[in-house]
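Notes follow the structure.
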Amino acid sequence: MPLLEIIGITSTEMIFCVRFVYLKSECADNFTWALQMLKEDITGGEVEVIVTDRYLALMNAVEYVFPKADNLLCLFHICKNVKAKCKMTVFPKKKQVQIMGAWEALVYSYDEAQYYMNLANFEGICSSSSIFNDYKHDQWLIPHKERFVETWTNRVMHFGNTTTQRVESVHWSLKRILQDSIGDICNVWETINSMIVLQHSEIIASFENSIIQKVHRHSNRLYANLHGVVSKNAIDHIAAEFDRMKYVGIDKFECRCTVRRTHGLPCACEIARYNMISRSIPLDVIYVRWTKLIFHDDGSGKPSELSMKHEIEVIVKKFDELDVLGKIALKGKLREIAYPSTSSMCPLVDKVKTKGAPKKGKSNVSKRNKSTKCHSSWWEYVDASVRCSGTNTCSTVTSNKVQQPRSSVKKRTPRTSVSKIQ
Ligand SMILES: [Zn+2]
272 MPLLEIIGIT STEMIFCVRF VYLKSECADN FTWALQMLKE DITGGEVEVI
322 VTDRYLALMN AVEYVFPKAD NLLCLFHICK NVKAKCKMTV FPKKKQVQIM
372 GAWEALVYSY DEAQYYMNLA NFEGICSSSS IFNDYKHDQW LIPHKERFVE
422 TWTNRVMHFG NTTTQRVESV HWSLKRILQD SIGDICNVWE TINSMIVLQH
472 SEIIASFENS IIQKVHRHSN RLYANLHGVV SKNAIDHIAA EFDRMKYVGI
522 DKFECRCTVR RTHGLPCACE IARYNMISRS IPLDVIYVRW TKLIFHDDGS
572 GKPSELSMKH EIEVIVKKFD ELDVLGKIAL KGKLREIAYP STSSMCPLVD
622 KVKTKGAPKK GKSNVSKRNK STKCHSSWWE YVDASVRCSG TNTCSTVTSN
672 KVQQPRSSVK KRTPRTSVSK IQ
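Numbering of the sequence shown is given in my numbering, commencing with residue 272 and proceeding in unit increments.
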């Protein structure tokens, strides 16, 4: 029974599986059922772009279930098929190379004028090979060119996905883990579940990376509104357009504005205009998907606001799992963040003489003050006093003055214990 994976793309370009289904056979009815199940999971019930191979039963099912979606065809597999047909029907080899070069120029044509110019060139080269000529016309160019030639695919927001190679890669990984196709449903379920849990963690990590990490080369004023609220991958795309801007300027014709249409991000000519008036790129020109850095969807469609809810939950959970020393260390770290004006360094009680050599003879410095043992941190004093509250023997905290407890903090918490929770 074949296993069909349905893949979705996050705003951060991470690939993840949204559904796994077993199909008795790969017929249109089964594909339709699988896609209908998927549709029920999608907010709004619609998708904008679906990339498939040229498998007519699947394409028909896509058209039936998602009539508004653009069904692109995998460019990688089309090129492989065309090359194979060329090898079988065109001779000598030199001619094959010539044809495939012209084919590549054709499929990457950026507008219709260039497409028809490249098509004339391509047909001129293929004219003497009638079988191949009919094949590329009947199988690909006439019925499907809008689904794989860049002239047309660059008009839809596909986020850079014009092949199914990513799906193949995930499919291969899953098959490798499953090892064979005769496992019982419980084992398969567990394997797939583990895979989903892992990808969930990876997506959260990518979100956190986008929120926290600031890349030095993106410290330009242009990106000021984007850091922490827009996917890092989106900023990388914008940075590439910023580099193009140096050659393109504000000329829309030169720019072609492909990234604006395919990714929903500012293209080179747009960035040039913001740059001219010394303005940062506004957040509202970024397609909303790039600003989704959390799983929760409030349904507003607006850029998600930064929240620490998830981080706080993780910290509380980790705190519960730690031993006493770990808890003290974590609590101290958090206090330093929560009360930055409060230093963990304690002020000296007496003024230190900095001039002149110390007098010889009996020293006034007590043995205790000669000790190389570090002073306890401020939070350790506080913790000690909190732990001892309720007993009359321990020191108390009053206003700005913190008295050192006598023996309540004997062990110093090793700093490295913090690393356990990082
Ligand atoms: Zn542009």
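Glycine is no exception: its CB is placed at the ideal position from the N, C-alpha and C atoms.
Relative to the alpha-carbon of residue i, which residue among the options has its alpha-carbon at the smallest distance?
i, options, result
"L412", "M428, A391, S477 and N432", "A391"
"W374", "D455, M388 and F362", "M388"
"A609", "I583, L596, D594 and G597", "I583"
"F337", "I349, K356 and I313", "I313"
"A332", "A305, C357 and C350", "A305"
"L377", "I349, K598 and F478", "I349"
"K407", "T360, D451, E421 and W423", "T360"
"K403", "N432, Y386, K366 and V438", "The displayed chain sequence assigns Phe, not Lys, to residue 403. Cα-wise, what sits closest to F403 is K366."
"A340", "L346, F347 and M330", "M330"
"D507", "E525, G520 and V530", "V530"
"P363", "E383, C397 and S380", "C397"
"R492", "I456, D514 and N546", "N546"
"N420", "A505, I463, N342 and N504", "Reading off the sequence, residue 420 comes out as Val, not Asn. For V420, the nearest C-alpha among the options comes from N342."
"S400", "L346, Y381 and C357", "C357"
"K446", "K351, I509 and T462", "T462"
"D324", "Y381, G315 and K351", "K351"
"L346", "Y379, K589, E592 and C457", "Y379"
"F393", "P414, Y381 and M371", "M371"
"Y383", "D405, T422, E525 and S502", "As written in the sequence, residue 383 is Glu, which differs from the Tyr given in the question. Of D405, T422, E525 and S502, the residue nearest in Cα terms is T422."
"Q369", "Q385, Y386 and G395", "G395"
"A539", "K416, V459 and A511", "A511"
"F524", "Y494, Q484, Y381 and D455", "Y381"
"A505", "W460, N458, V556 and I456", "V556"
"V292", "D405, V459 and Q385", "V459"
Are residue i and residue j touching if we call contact CB-CB under 8 Å?
i, j, result
"V320", "H429", "yes"
"T562", "N425", "no"
"L344", "R418", "yes"
"V318", "T434", "no"
"Y518", "L536", "no"
"M516", "I542", "yes"
"N496", "S551", "yes"
"L554", "V500", "yes"
"F478", "I565", "yes"
"R437", "I286", "yes"
"L309", "N301", "no"
"R544", "I509", "no"
"L605", "L593", "no"
"S472", "S502", "no"
Under 8 Å by Cβ, that's how I've got residue i and residue j pegged, so tell me the actual separation to the nearest angstrom.
i, j, result
"M466", "I453", "Actually they do not touch by this definition, with Cβ atoms about 19 Å apart."
"T303", "Y335", "6 Å"
"Q470", "C288", "7 Å"
"A355", "A328", "So it is not a contact: roughly 22 Å between Cβ atoms."
"K598", "F590", "6 Å"
How about residue i: is its Cβ closer than 7 Å to a heavy atom in ligand 2?
i, result
"A543", "For ligand 2, the structure offers nothing, since it holds only ligand 1."
Can you name the residues that DSSP bridges to residue i?
i, result
"G323", "First, the residue type needs correcting, since residue 323 is Thr and not Gly in the sequence shown. L344."
Looking at chain C, is there any beta carbon in it that lies within less than 8 Å of the beta carbon of residue i?
i, result
"T433", "The structure shown has no chain C; it contains just one protein chain."
Fill in: Any heavy atom of ligand 1 nearer than 7 Å to the CB - residues listed
K523, C526, R527, C528, R531, C538, A539, C540 and E541
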